[in-house]
Amino acid sequence: MFSNYLAAPFVLLSLLFLYMAWEVDSDYSYWIAPFVLASAIIYIFSPQINWWWYNRRPPKLGPALQALLARFCTFYNRLSATEKKRFEGRIALFKMGTDWEAMAFEEEQVPEDVKMALAAQAVMLTFKKPTFLFEKFEKVIVYPKPFPTPEHPFDHASELYEPDGCLLFSAEQVMLAFTQPSQWYNVALHEYARAYMLTYPLEPYPALDNEEVWGKLEQVSSMPRGHIESVVGVADIEALPVAIHHYFTFPDGFRQYFPEETEVFGAIFGH
114 MFSNYLAAPF VLLSLLFLYM AWEVDSDYSY WIAPFVLASA IIYIFSPQIN
164 WWWYNRRPPK LGPALQALLA RFCTFYNRLS ATEKKRFEGR IALFKMGTDW
214 EAMAFEEEQV PEDVKMALAA QAVMLTFKKP TFLFEKFEKV IVYPKPFPTP
264 EHPFDHASEL YEPDGCLLFS AEQVMLAFTQ PSQWYNVALH EYARAYMLTY
314 PLEPYPALDN EEVWGKLEQV SSMPRGHIES VVGVADIEAL PVAIHHYFTF
364 PDGFRQYFPE ETEVFGAIFG H
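Just so we're aligned, residue 114 is where the sequence shown starts under our numbering, counting upward by one.
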């Protein structure tokens, strides 16, 4: 991290003056305090310092993650070369800015490909906005497979728990949808669409509250409502996040069946 490099000279000088005070002259001890103080300040503000630095010089995704994006992310492949670099940089920053928690993983860490697959959905939604993090939902808990929670005490693949600002996902369903987008409903895009709606509640979202909508959504995607609810693992889900999912995943079909909503989403998401 950049803050570690920034703090290193102050730490070394603190140690140097400590040695000089011990071995040469005790008067050198007066020089220890300023460098210790500087090191402490850098440590305290290291998250802000690192974010400031990497926001201007985004870290690069590794070749393996770039290859996954190029192979499976149709949104990424529609971007220009300049936009692809920006998209990659934002994914890397989103991974850094998210508080990840792995549950029941042997390695006790969320795998990097799962982080990337999740981050790509969030960044896609906010790609045209200057602020691309969901600050109210920075906590992300990932399980290997579907899981129960107090809110939904049965196995399900994703959840947005607004009181704690937390998103929960099953890595299995996340990766199935990322690698087979036409066959599996993407729970990551679904929950981040809900997070977007809560973060930007004043956007002019279209009204999608009649039963005919679900038939049209199935025409767009060949995904019946039953499939979507079985993948998420929760019944009676809203149509709007599903429509947002289809807008990004099946753009041509969505435009055919929802021309007016396509224009509205284009204005909201900027593409």
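The beta-carbon is built from N, C-alpha and C at its ideal position, and this holds for glycine as well.
From the DSSP output, which residues share a beta bridge with residue i?
i      : result
Cys186 : Beta-bridge pairing links Cys186 to no other residue.
Lys252 : Asp212 and Cys279
Leu126 : Looking at the DSSP assignment, Leu126 forms no beta bridge with any residue, so it has no partner.
Phe260 : His269
Tyr274 : Cys279
Contact check, residue i vs residue j under 8 Å by CB: the rounded distance?
i      : j      : result
Gly366 : Val326 : The Cβ separation is near 14 Å, so there is no contact.
Leu178 : Glu225 : 7 Å
Ala352 : Leu302 : Contact flag wrong, Cβ pair sits at about 15 Å.
Val236 : Val255 : Going by Cβ atoms, the distance from Val236 to Val255 rounds to 17 Å, so no, they are not a contact pair.
Met142 : Ala134 : As written in the sequence, residue 142 is Ser, which differs from the Met given in the question. That pair is a contact at about 4 Å.
Leu181 : Met229 : 7 Å
Rounded to whole angstroms, what's the CA-CA distance from residue i to residue j? Just pull it up for me.
i      : j      : result
Met288 : Gln234 : 12 Å
Gly210 : Lys252 : 10 Å
Tyr318 : Glu304 : 16 Å
Val345 : Leu128 : 55 Å
Phe361 : Ile350 : 18 Å
Asn190 : Tyr156 : 39 Å
Thr312 : Ala121 : 39 Å
Ala284 : Pro257 : 5 Å
Phe363 : Gly379 : 14 Å
Ser335 : Ala348 : 19 Å
Ile341 : Val149 : 56 Å
Tyr370 : Glu219 : 45 Å
Ile357 : Met310 : 10 Å
Ile381 : Thr239 : 10 Å
Phe185 : Gln286 : 15 Å
Pro172 : Thr244 : 18 Å
Phe282 : Asn117 : 32 Å
Kindly indicate the opening and closing residues of the alpha helix (DSSP H) around residue i.
i      : result
Leu311 : Val300 to Thr312
Glu285 : Ala284 to Thr292
Tyr143 : Taken as a continuous stretch (DSSP letters only), Tyr143 belongs to no alpha helix (DSSP H), as it is neither H nor E.
Glu342 : Arg338 to Val345
Tyr370 : Pro364 to Tyr370
Glu331 : Glu325 to Ser334
Glu225 : Glu225 to Thr239
Within 10 angstroms of the Cβ of residue i, are there 16 or more other Cβ atoms? Answer buried if so, exposed if not.
i      : result
Glu374 : buried
Ile154 : exposed
Val137 : exposed
Arg395 : Residue coverage of the chain in this structure runs from 114 to 384, which leaves residue 395 outside it and unanswerable.
Glu201 : buried
Lys385 : Outside the shown range of the chain (114 to 384) lies residue 385, about which nothing can therefore be said.
Glu275 : exposed
Tyr298 : buried
Pro261 : exposed
Thr147 : Correcting the residue type first, residue 147 is Pro in the shown sequence and not Thr. Flag for Pro147 reads exposed.
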